[in-house]
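Line by line, the protein sequences are chains A and B. Take the first sequence: its position 327, counting from 1, is numbered 327 in the numbering used here, and each next residue is one higher. One rule links them: number in the numbering used here = place in the second sequence (from 1) + 1000. Please read the structure below before turning to the comments.
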Amino acid sequence: MNWKVISRNVGYALLVSALFMLLSVGVSLLDGHDSALAALLISFLITFIVGIFPFIFVREPQAISMKEGYVIICLSWLLSFIFGMLPYALWGGPFTLQNAWFESVSGYTTTGATILDDIEALPKSLLFWRASTHFIGGLGVVVFLLLLIPGSNQMKMRLTNMELTSLSRGGYSTRTNKTVYVFAYVYLALLVFSFLAYLLAGMPVFDAACHAMSVSATGGFSSRNLSIAAFDSRWVEGITMVFMYLSSIHFGLVYLSVLTRSTKPLNNPVVKFYTVWIVLMALVVGAGLKGHGICPTWGNAIWNGFFETLCVTSTSGFAILDNAQWPLWIVMVLMFSAVMCGSAGSTSGGVKVDRVILFFKSLGRRINRILHPSSVNEIRMGKRILREDEVSPHLLYLTLYGVLLAVSVALSLCAGVDHQNSFIASVTSLGNVGPAYGALGTMGSFNSVPLMGKLVFSLDMFLGRIEIYPVLAVVAMIFDKRARG
Amino acid sequence: MSIRKFFKRVRAYRLTMRAKLVASLSLIAAILLVSLLISVMEYSGMSDYVSDLIADDISSINVANRLAEMSNTYHLDILAVVGDETSLELPDFDDGYFKSHCDSLRSSVPSNQVKPLADSVMYSYSAYMLTSLELGDVIQSDFIDSRSWFFERLQPRYDRLRTDLLALSNAIYQDLAKNSATFEGGFYRSIIPGIVAVGVGLLLVVMLLFFLLAFYVDPLYKMLEGLDAYRSQDKKYNVKFDGDDQLARLNEGIAELANENRQFRSRIKTMSRK
Chain A
1 MNWKVISRNV GYALLVSALF MLLSVGVSLL DGHDSALAAL LISFLITFIV
51 GIFPFIFVRE PQAISMKEGY VIICLSWLLS FIFGMLPYAL WGGPFTLQNA
101 WFESVSGYTT TGATILDDIE ALPKSLLFWR ASTHFIGGLG VVVFLLLLIP
151 GSNQMKMRLT NMELTSLSRG GYSTRTNKTV YVFAYVYLAL LVFSFLAYLL
201 AGMPVFDAAC HAMSVSATGG FSSRNLSIAA FDSRWVEGIT MVFMYLSSIH
251 FGLVYLSVLT RSTKPLNNPV VKFYTVWIVL MALVVGAGLK GHGICPTWGN
301 AIWNGFFETL CVTSTSGFAI LDNAQWPLWI VMVLMFSAVM CGSAGSTSGG
351 VKVDRVILFF KSLGRRINRI LHPSSVNEIR MGKRILREDE VSPHLLYLTL
401 YGVLLAVSVA LSLCAGVDHQ NSFIASVTSL GNVGPAYGAL GTMGSFNSVP
451 LMGKLVFSLD MFLGRIEIYP VLAVVAMIFD KRARG
Chain B
1001 MSIRKFFKRV RAYRLTMRAK LVASLSLIAA ILLVSLLISV MEYSGMSDYV
1051 SDLIADDISS INVANRLAEM SNTYHLDILA VVGDETSLEL PDFDDGYFKS
1101 HCDSLRSSVP SNQVKPLADS VMYSYSAYML TSLELGDVIQ SDFIDSRSWF
1151 FERLQPRYDR LRTDLLALSN AIYQDLAKNS ATFEGGFYRS IIPGIVAVGV
1201 GLLLVVMLLF FLLAFYVDPL YKMLEGLDAY RSQDKKYNVK FDGDDQLARL
1251 NEGIAELANE NRQFRSRIKT MSRK
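Structure follows, in C-alpha cells:
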C-alpha cells in the first residue's frame, strides 16, 4: 500500500474543507465578528496545516491501485467528518463531542438530521459552515478532490469509477474521466439557479445561499427553526420542490437535456418510474393529510403531500409540516420512498430507483422462467440489455442494505431508542433522508438520542452515502494480509 | 501572471531537504503554538469566570445565613421579653443591615428564581417587623395576653419569614450547584481545543516520522545495501527511490561514481591482461 500517495490525496480532501472553513470565517467577519469566528479560524488553521502537510514531502501525483483508491475514499470521508466537527466542538453551545460528530456526519453525508433544538441561536457563520458541509458532501468529497487534483487521467478515472457506482456512471455519454466534470457542472448550475430563484422569491441573501447549498445537495439543513415553513411562501416551497426533484434525477440526463435543449433524455424508464412514484405517493400522503384533518382543503393537502413526498424521496429532509402530528401510517408509507430514494447519478441517497427497477425486473424474469422454462429472458434498461454480472452486484447491494437496516434497528433498540424511531430513524439515516418521527421528526431534533444511538445512526449515514462497498473493501483489507500488500 | 501559470510554477518548485524539514517542523510548531495559545486563553478565561462565580455564590449563601441568624436572635429576644413580663424594653434589631443585605442578594445572584424569593423575604420581613413593633402595646395592655399574641400573631409571621429565608437560601444553593455544573461543562469545553490541537500535533509528528522513514531513512538503507553489494559482490550499483531532493542527487552521484569505477576497473583488467 502506497501511503505516500494516499496521504497526498486525503490531504486534498482536507484542503477542500479548509477552504470552506475560510469562507465561513469571511461570513463571520461580514456578520460583525460573530461568536464562531475564533472557532472557525482555529478549525481552518488546523485543517489547513494537516491538509498541506503531505505536500511538503509528496510533490508528484502518482498512479493509484484499486486498493489505494478505496482507502483514499474512506479516509477522505472519515477525516472530513472529524475535521468538519471542529468548528462545532470549538464553538460549544449544544455541541458536545458526540453532537458535533453527529452534526458533521449528517452534514457531509447530506442527511440533514440535526441535534439542534434552536437552529436560529447559532451564529450565521456556523450556519454557513453547516450548509457548506452539505455542499461538499453533495458533490462528494472525492469528486471535489478529482476536480482539484492535477493527477493523471488514469488516476482520476480509477477514483471516479470507485466513487460513483456503475449505475451512476451510466447515462453520461462522456468518457469516464469527464463524468466528474459533467456531475460538477450540473451540481453548480443547480446551486446557482436555486440561489437566484430563492432571491427572486424574496428570501434573504444569507438564507437563500444556505438553502441553495442544501437543496442542490438534497441535504435538508435549514437556517431556520421551522425549515422552509419559516418563509410561509408558496413560491419558496414551489422552488424547493422543483430543485429537490431536479437534484434527485440523474445529472447526466439533466446535462443532456440542457445540451440538446429537449426533454427527450428525460424520457427514460428510471425517470418515468421515479416521477410516477412521486405522484402516487404524494396523492396517498395528501389524501391521508386531508382525511385526518391535518390539512383543511384538498388543494392544501395535495400541495403538502407533494412537498413532503419530495422531501423524503429526494432525501432532502426539509419540512413545512410537523410530522409528529401525523398518524403513523402516513410516515410508514413514506418509508418506502425513504428506502428507494432518487436516481443513481444524483445527490440523493437510499438504494436508488435504478436498483429497485432492476430488482422488479429480475423478479419478473425469475417468475417468467418458472412459468416458461424454455423462454429467453433478458433484463432491459431502456434500449440496453443488461448482462448477469451487471445485475447481480446491485441485487447483492439490496440484500446488504436490508441486512444493514436490520442490524441498525437492533443496535438502536439496544441503545435505548424507542421502537418506532429505531426503525424510522435507521431507514432515514441509511437513506440519508434525515428527520425521523415524533421527537426526532421534521420539527424535532436528535439531541435526545443516546450516545450509542447517535453513533449507530452516524455509521448508517456514512455507509448509506458511500454505498457500503468501499467500506467493506477497506475492512477486508484490514483483515486480509494479501490485500494489504 | 495568470492563475494557471502561478500554479504551474508552484507545482514545478522543488523543496530542498532542509526546506522540507524546516517546513514540516514549522507546521508542527505552529500547531503546538496554537494549542498553547488556546490553553492559556481558555484557562485565564475560565479561572476569572469561576472565581467570580464561586465568590458571588458563597457570599450570597453567607448573607442568607446571617439574615436567618439575625431574625432568629431577634425573635428569641422578643420571646424572652414576653416570658419575663417585667421588662418593657424592645430588643434591638439592625433594620438597615437586614434590608441592604437582602437587596444585595437580589442583585448579586443572577438567577431569575432568586429575585422573587428575595422580594418575598422583604415582604415577610416587613410583615414580621410591623407585628413585632406591637410588642410594647401588648405588654402594657391588660386585655391582651402577650403569650397568645406571640404564638398566634407573631410566630406565624416569623415562620413565614423563616420559610422565605430558607427558600431563598435553597435557591442560592441550587444556583451554586447549577453554576458548578456549568463550570464542569465549561472546563470540559475549555480543554477540548487544547486536546484537539495536541492531538493534531501528535498526528503531524506521526506523519513526519512516516515521511522521514519513507523518504530519508529507507533510501539511506537502500543506498548502503547497494554499496555493500557493489563492494563485496561487485554488483552494479542500481538503487532507485522516490524523491527529487539532495538525497536523490546524492544517489545519482554515487551511481555515476560507482559505474565509472566499475568501467575503470574493467579497463584496468583488460589492460593488465594485455
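The beta-carbon is built from N, C-alpha and C at its ideal position, and this holds for glycine as well.
**Asked** Helix, strand or coil: how does DSSP classify A/Arg366 here?
**Response** The sequence position of residue 366 of chain A within the first sequence is 366, counting from 1. If DSSP states are grouped into helix, strand and coil, A/Arg366 belongs with the helices.
**Request:** Tell me where the beta strand (DSSP E) around A/Met381 begins and ends.
**Result:** To locate residue 381 of chain A, count along the first sequence from 1; it is residue 381. Segment Ile379 to Met381, the beta strand (DSSP E) holding A/Met381.
**Request:** Say whether chain B places a C-beta atom closer than 8 Å to the C-beta of A/Lys124.
**Result:** Counting from 1 along the first sequence, the entry for residue 124 of chain A is found at position 124. Taking Cβ atoms only, chain B never reaches closer than 8 Å to A/Lys124, which makes this a no.
**Message:** Given a cut-off of 8 Å on the beta-carbon distance, is the pair A/Val248 and A/Ser125 in contact?
**Reply:** Position 248 of the first sequence, counted from the start, is the residue given in the question as residue 248 of chain A. Position 125 of the first sequence, counted from the start, is the residue given in the question as residue 125 of chain A. Reading off the sequence, residue 248 of chain A comes out as Ser, not Val. In this structure, A/Ser125 does not lie closer than 8 Å to A/Ser248 by Cβ.
**Cβ neighbours of A/Leu253 in the same chain (closer than 7 Å, five flanking residues each side left out)** = Taking the first sequence and counting its residues from 1, one reaches residue 253 of chain A at position 253. Result list for A/Leu253: Gly171, Pro265, Leu266, Asn268 and Val271, in chain order.
**Reduced DSSP category for A/Leu283 - H, G, I as helix; E, B as strand; rest coil** = Sequence index remark: in the first sequence, residue 283 of chain A carries index 283 (1-based). Three-state result, A/Leu283: helix.
**Asked** Near A/Val27, which residues of its chain fall below 7 Å by C-beta distance, leaving aside the five closest residues on each side in sequence?
**Response** Translated into the one-based positions of the first sequence, residue 27 of chain A becomes position 27. So the list reads Lys124, Ser125 and Phe128, once near-sequence residues are dropped.
**Request:** Following the continuous beta strand (DSSP E) through A/Leu78, name the residue where it begins and the one where it ends.
**Result:** Here residue 78 of chain A corresponds to residue number 78 of the first sequence, with the count starting at 1. No beta strand (DSSP E) holds A/Leu78; the alpha helix (DSSP H) holding it covers Met66 to Gly84.
**Asked** Starting from A/Ile49 and walking both ways along the alpha helix (DSSP H), at which residues does that stretch end?
**Response** One-based indexing of the first sequence puts residue 49 of chain A at position 49. Unbroken alpha helix (DSSP H) run through A/Ile49: Leu37 to Phe57.
**Message:** Considering just the uninterrupted stretch of the alpha helix (DSSP H) at B/Ile1139, what are its terminal residues?
**Reply:** Residue numbering aside, residue 1139 of chain B sits at position 139 when the second sequence is read from its first letter. Leu1135 to Gln1140 is the extent of the alpha helix (DSSP H) around B/Ile1139.
**Request:** Return the first residue and the last residue of the alpha helix (DSSP H) that A/Ile302 is part of.
**Result:** Locating residue 302 of chain A in the first sequence gives position 302, counting from the first residue. Element bounds for A/Ile302: Trp298 to Thr313.
**Request:** Indicate whether at least one CB of chain B lies closer than 8 Å to the CB of A/Ser7.
**Result:** Against the first sequence, residue 7 of chain A aligns to sequence position 7. Answer yes: the Cβ-Cβ gap between A/Ser7 and chain B drops below 8 Å somewhere.
**Asked** Distance, Cα to Cα, A/Met443 vs A/Thr297?
**Response** The sequence position of residue 443 of chain A within the first sequence is 443, counting from 1. The sequence position of residue 297 of chain A within the first sequence is 297, counting from 1. Taking the straight line joining both Cα atoms gives about 22 Å.
**Request:** Note down, in chain order, each residue of its chain lying with its Cβ closer than 6 Å to the Cβ of B/Arg1014, except the 5 sequence neighbours on either side.
**Result:** For the purposes of this step, residue 1014 of chain B is taken as residue 14 along the second sequence, with counting starting at 1. Excluding positions up to five away in sequence, the list reads Asp1244.
**Message:** So for A/Leu386, helix, strand or coil by DSSP?
**Reply:** Within the first sequence, the letter at position 386 stands for residue 386 of chain A. Note: A/Leu386 maps to strand in three-state DSSP.
**Prompt:** If you follow the alpha helix (DSSP H) that A/Met340 is part of, which residue opens it and which one closes it?
**Reply:** Taking the first residue of the first sequence as position 1, residue 340 of chain A is located at position 340. Element bounds for A/Met340: Leu328 to Met340.
**Prompt:** If you run the structure through DSSP and keep just helix, strand and coil, what is A/Pro269?
**Reply:** As a working mapping, residue 269 of chain A is identified with position 269 in the first sequence. Helix.
**Request:** Please go through the same chain and pick out, in chain order, the residues whose beta-carbon is closer than 7 Å to the beta-carbon of A/Phe318, but skip the five residues on each side of it.
**Result:** For the purposes of this step, residue 318 of chain A is identified with residue 318 of the first sequence, where counting begins at 1. So the list reads Gly220, Ser222, Ser227, Ile228, Thr240 and Cys311, once near-sequence residues are dropped.
**Asked** Start and end of the alpha helix (DSSP H) containing A/Ile136?
**Response** Along the first sequence, read from residue 1 onward, the residue named residue 136 of chain A stands at position 136. Per DSSP, A/Ile136 belongs to the alpha helix (DSSP H) from Lys124 to Leu139.
**Asked** Given that a residue counts as buried once 16 or more other Cβ atoms are within 10 Å of its Cβ, and exposed if not, what is A/Gly210?
**Response** Here residue 210 of chain A refers to the residue found at position 210 of the first sequence. In the sequence under discussion, the amino acid at residue 210 of chain A is Cys, which differs from the Gly named in the question. The residue is buried, with at least 16 neighbouring Cβ atoms inside 10 Å.
**Item:** Host alpha helix (DSSP H) of B/Ala1248 (start-end)
**Value:** The residue labelled residue 1248 of chain B in the question sits at position 248 within the second sequence. Element bounds for B/Ala1248: Gln1246 to Arg1273.
**Own chain partners of B/Arg1147 with C-beta closer than 7 Å, once the 5 adjacent residues on each side are dropped** = On the second sequence, position 147 is the one that residue 1147 of chain B refers to. Only Val1082 meet the Cβ criterion.
**Prompt:** Comparing alpha-carbon positions, which option in A/Lys4, A/Leu14, A/Ala212 and A/Val356 lies nearest A/Ala338?
**Reply:** In the first sequence, residue 338 of chain A corresponds to position 338, counting from 1. Considering only alpha carbons, the answer is A/Val356.
**Asked** Since A/Thr315 contacts A/Gly349 with CB under 8 Å, what's their CB separation in whole angstroms?
**Response** The residue given as residue 315 of chain A occupies position 315 in the first sequence. The residue given as residue 349 of chain A occupies position 349 in the first sequence. Their Cβ separation, rounded to whole angstroms, is 5 Å, which keeps A/Thr315 and A/Gly349 in contact under 8 Å.
**Request:** Could you name the residues of chain B that A/Lys67 contacts, counting a contact when the two beta carbons are closer than 7 Å?
**Result:** Reading the first sequence from its first residue, position 67 is the one you call residue 67 of chain A. Within chain B, no residue comes near A/Lys67; the closest Cβ sits about 18 Å away, beyond 7 Å.
**Request:** Using a Cβ-Cβ cut-off of less than 7 Å, give me the residues of the segment 59-92 of chain A that come near chain E, in sequence order.
**Result:** The structure shown contains no chain E; its protein chains are A and B.
**Request:** Pick out whichever of A/Leu455, A/Tyr274, A/Phe206 and A/Thr114 has its Cα sitting closest to the Cα of A/Met244.
**Result:** Translated into positions along the first sequence, residue 244 of chain A becomes position 244. The option with the nearest alpha carbon to A/Met244 is A/Tyr274.
**Asked** Roughly how many angstroms separate the alpha carbons of A/Pro435 and A/Thr428, rounded to a whole number?
**Response** As a working mapping, residue 435 of chain A is identified with position 435 in the first sequence. As a working mapping, residue 428 of chain A is identified with position 428 in the first sequence. Looking at the two C-alpha atoms, the distance is approximately 7 Å.
**Within the segment 1206-1244 of chain B, ranges of the alpha helix (DSSP H) (whole runs, at least 4 residues)** = 1218-1233
**Item:** A/Val376 to A/Arg365 span [Cα, whole Å]
**Value:** Position 376 of the first sequence, counted from the start, is the residue given in the question as residue 376 of chain A. Position 365 of the first sequence, counted from the start, is the residue given in the question as residue 365 of chain A. In a straight line, the C-alpha of A/Val376 is about 9 Å away from that of A/Arg365.
**Message:** Taking 8 Å as the threshold (beta carbon to beta carbon), is A/Ile115 in contact with chain B?
**Reply:** Residue mapping note: residue 115 of chain A aligns to position 115 of the first sequence, counting from 1. Output row for A/Ile115: interface = no.
**Prompt:** Measuring CB to CB, does B/Leu1067 end up less than 8 Å from B/Leu1165?
**Reply:** Numbered from 1 along the second sequence, position 67 holds the residue referred to as residue 1067 of chain B. Numbered from 1 along the second sequence, position 165 holds the residue referred to as residue 1165 of chain B. Yes. Within cutoff.
**Asked** For A/Ser375, which three-state DSSP category applies?
**Response** Here residue 375 of chain A is taken as the residue at index 375 of the first sequence, counted from 1. If DSSP states are grouped into helix, strand and coil, A/Ser375 belongs with coil.
**Prompt:** For the segment 19-47 of chain A, which residues have a CB atom closer than 7 Å to at least one CB atom of chain B, in sequence order?
**Reply:** Ile42, Leu45 and Ile46
**Sequence ranges, alpha helix (DSSP H) only - wholly within the segment 1067-1104 of chain B, length at least 4** = none
**Residues near A/Ser132 in its chain [Cβ-Cβ closer than 6 Å; skip 5 each side]** = Here residue 132 of chain A refers to the residue found at position 132 when the first sequence is read from its first residue. Within the same chain, A/Ser132 has close Cβ partners Phe20.
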